[in-house]
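Beneath this line is the structure, given in structure tokens, with notes to follow.
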Amino acid sequence: MKSRLSCDSYVKKAFLVLIVVSVALVGVFLTGCGSSNGGSADEDALVIGITVGRASIYGQNSEESAKLAAEEINAAGGVDIGGKKVPIKLEIVDTRDEEPGVPTSDVLLTVEKLLLEKQVDAVTGGPSMSECSMALLDLYAKYKVPNVVATGTWTPAWNKKVGEDPEKYMYSFRMSGHVGYWVKDAAALLDQIKEQYGFDKLYVSSSDAAHTQAAAGAIKDLAAENGWTVVGEETHPMGSSDYSALMRDVASSGAQVLFWWDCKPEVAIGIKQWYDMKVPAILMGFLNPLDEPTAWDDLDGKIVSTIQFNGEGGCLPGSEFTPLTSSFFDAFVAKFDKEPRGCGNVPTYTAMYVLKEAFEKAGTRDKEAVAKAIAEIEMVTAGGYLKFGDDHQAVYGTDPDATLVGQWLQWQDGKRVCIYPEAAATGEIQLPPWMQ
Amino acid sequence: MDVLIYGVINSVVYMLMALGFTLVYGVSRLPNFAHGALYVLTGFLTWTFVNNLNLNYFLSIIITLVIVSLLGAGLYAFVLKRVRGMPVSEIIVSFAIALIILEGLRLQDIGPFKGFIGSSYALPAFIEGTVSIAGVTVDYQRLIIIAVGAVLVVGMWVFTRHQKVGLAFRGMAQDERAAMMLGIDSDRMAVVALAVGSALAGVAAITVYPLGQITAESGYHVLNAALAVCIVGGLGSWMGAILASFIFGFATTAAAFFGAPRYQDVILFALIVLVLIVRPSGLFGRQKELEERV
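Here the protein sequences come in this chain order: W and P. So the number in this note's numbering is just where the residue sits in the first sequence, counting from 1, plus 898. So the number in this note's numbering is just where the residue sits in the second sequence, counting from 1, plus 39.
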């Protein structure tokens, strides 16, 4: 009996402690946080569905940019449809497409629910996973809803599918770029390094995922065509926690550039090891942690001189390659108190203005008329000059006066400096301190 | 030499991730599937204390470890205790708690809470810099990991042989019924085991996270690593867990240095299968042996 009483008393005490801890935890997490909500409620409002995986940075980038654009458009009076100004109302849904274990079918159901229940006039945002966006093409065709993919979905298969049946997929457009563009940019940047420093030895590494391997393989082939000697290549499992073998291999291979394509945050371990082991090769590639505007502080400055693909252009400080670039950047910083990361930011922001323009041009909410209006749009945007190809893919290139551009950054003195394309560059490529 | 040095480091990383899990299972026979979530929670809590509340790093670590320990204890007292003895329920409930924690950390706009999304969460290294050991460059944080691992192993040994609670742990691990007949309170021991096990997950987090970044996804990886180590070592045997950690650490390191890194996981899982074929209860496990005796 005594033991039982003692146990109950213990449980009561522990319960109290747990309540205190829980309250404290909630308090801690709530400290210093802030949030916002774009759009406003109005019966006549233009309803734009925002489909984003909220647990992914691509989704977060897209959602924030959509909110910013909606707020700006509404502040300026809204959208003029057939002579009547209406505000934009955002219907944001979490597609969860980058969360572990979420199947494509769940993503499709979420979007279908949005289309059926919210009566959206158009959709933009993600999902960012290519397989989800590919499957959604048929859903949008079925419900005839104008939509603009604006974050992720970098597979060239998307525009191939649309291009093969433009009538069926007339409602679908893609503002974000695709790997075909980015690989060419990477090869051109390698040539820039070759020209500037006379380097010609390349090591290619990627994580063990189909898309990273395919992209790394394409870069390897293009580089070899352009006179680079590929002195080593390697594929490592997703989520590795030690990259010392890779770094030793790169150092002993004589490579002057390590091109690394890896989409997992754990790769930060490898970046730090590259710095700590003073590997005599420029580190460039597509490495998520380097995208974060706070990466310099997060990784204790161990990212000096790393070169990173920053996604669709317009998110780097100091960039003014169109009259709208810095105004987007400044507005984003003012609203969210942080710099835009890159992938998905400018495309979503632009997509909102494209939809505004299309509805105004069509003068009606008729979905077919709006889709046709989108196809004809050409405009100056924060990321360059926008026009869509016959396959409904926004055209990317290196001249922001003629096309949209992707941007590559280098971390220099704690800042993200644009080094490519030349027309948007704000600095020159530098070598890591131990290679100078 | 690279394989030797990094093999030891990677082995200790495995060991740190698994020690808490195996301790909890050994004492209470509870597979705590929230182990990885507590690991991640430790990282984010410490980060929050340092960056949002501007607390001293080491003070933040201590506060976090206390919180995580209490959370572990609460986990048993209010949840796991109800399902103890029902293996499937134990797994479902503890994994559900893991999901609540891990996915909850990524929720956005819950009031002013924005969620931990992205790659901008990292803990600073205890000591910055590198050292060359026999021509192999190693950073101090990795050496600290080895030191922390050694201290924990020695500490556990002393604790379970010379401390009253530690001896009770051993009694529970060896034969729960006999231990209870000798006056050891099984529930109380389980509460303490969950508290200590959670703290061990926390210690692993604060020593390993400075190598890279804190992400919610890493909770699943840590749980997988802990499970693999404990199954191969023998569920509940911390000596087995240590041995299995070293087997995994050296196997994966050797695979990366001598073969192709992409086959690290293949080798890892092949080893698990191999060990379980030869010894179904794991290297130091007795489960199968006992079942067969019955």
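Each residue gets a CB set at the ideal place from its N, CA and C atoms; glycine is no exception. The model shown is predicted, which means the values in this text are computed figures rather than measured ones.
The Cβ atoms of Val1129(W) and Ala1149(W) do not sit closer than 7 angstroms to each other.
Of the residues assessed, Val1244(W) falls on the buried side of the cut-off, its CB having 16 or more other CB atoms within 10 angstroms. Membership of Thr291(P) in the alpha helix (DSSP H) is indicated by the continuous run 277-297. Contact with chain W is found for Thr176(P), since one of that chain's Cβ atoms lies less than 7 angstroms from the residue's Cβ. Proximity of the region 1047-1057 of chain W to the region 1232-1250 of chain W meets the contact definition, three or more beta-carbon pairs being nearer than 8 angstroms. In the DSSP assignment, Val312(P) falls within the alpha helix (DSSP H) that extends over 303-317.
As computed with DSSP, Tyr1101(W) is found in a beta bridge with Gly1130(W), Leu1156(W). Taking a contact as a CB-CB distance under 8 angstroms, the pair Gly188(P) and Leu55(P) counts as one, their CB atoms being some 6 angstroms apart.
Nearest Cα to Gly273(P) within the set Leu43(P), Tyr45(P), Leu77(P), Arg68(P): Arg68(P). Classified as exposed, Thr1262(W) has fewer than 16 neighbouring CB atoms from the shown chains inside 10 Å of its CB. Inter-segment contact for the region 953-961 of chain W and the region 156-167 of chain P is present: three or more beta-carbon pairs are separated by less than 8 angstroms.
Only buried fits Phe323(P), as 16 or more other CB atoms lie within 10 angstroms of its CB.
Closest in C-alpha terms to Pro1331(W), from the list Gly947(W), Ile1275(W), Gly1199(W), comes Gly1199(W).
Below 8 angstroms, enough C-beta pairs join the region 1093-1101 of chain W and the region 1147-1161 of chain W to call them touching: three or more. Between Lys1254(W) and Val977(W), the C-beta gap is smaller than 7 angstroms, which places the two residues in contact. Of all residues in the region 232-252 of chain P, the ones placed with a Cβ closer than 7 angstroms to any Cβ belonging to chain W are Leu250, Gly251, Gln252, in chain order. Between the region 984-999 of chain W and the region 1205-1218 of chain W, the count of C-beta pairs closer than 8 angstroms stays below three; the two stretches do not touch. When the Cα atoms are used, Gln1291(W) and Met125(P) turn out to be separated by approximately 55 angstroms. By the Cβ-count criterion, Pro1221(W) is exposed, with fewer than 16 other Cβ atoms from all chains shown falling within 10 Å of its own Cβ. With a minimum length of 4 residues, there is no unbroken run of alpha helix (DSSP H) contained wholly in the region 1168-1195 of chain W. When 9 angstroms is used as the limit between beta carbons, Ser133(P) is near no residue of chain W, the shortest such separation being about 16 angstroms.
At the C-beta level, Asp1089(W) and Arg301(P) stay beyond 7 angstroms of one another. At a cut-off of 7 angstroms between beta-carbon atoms, Arg952(W) makes contact with chain P.
The continuous beta strand (DSSP E) containing Ala1020(W) extends over residues 1020-1023. Taking 7 angstroms as the threshold, the shortest C-beta distance from Gly210(P) to chain W does not fall below it. Residue contact check for Glu1190(W) against chain P: a CB pair falls below 7 angstroms.
The C-beta of Gln958(W) comes closer than 7 angstroms to at least one C-beta of chain P. Nearest CB-CB separation between Asn1186(W) and chain P: below the 7 angstroms threshold. In the DSSP assignment, Val1043(W) falls outside any beta strand (DSSP E) and carries neither an H nor an E.
Straight-line measurement puts the Cα of Val1202(W) at about 8 angstroms from the Cα of Gly1312(W).
Distances from the CA of Ala240(P) to each of Tyr53(P), Leu43(P), Ile44(P) were compared; the closest alpha carbon is that of Tyr53(P). A contact between stretches requires three or more CB pairs, one per stretch, nearer than 8 angstroms, and the region 1061-1072 of chain W meets this requirement with the region 1263-1274 of chain W.
Between Ala1113(W) and Val1077(W), the gap from beta carbon to beta carbon is short of 7 angstroms. Per DSSP, Asn93(P) is not a residue of any beta strand (DSSP E), being assigned neither H nor E.
Counting the other CB atoms within 10 Å of its CB gives Arg1314(W) a total of 16 or more, which places it among the buried residues. For Gly1304(W), the secondary structure class from DSSP, reduced to helix, strand or coil, is strand.
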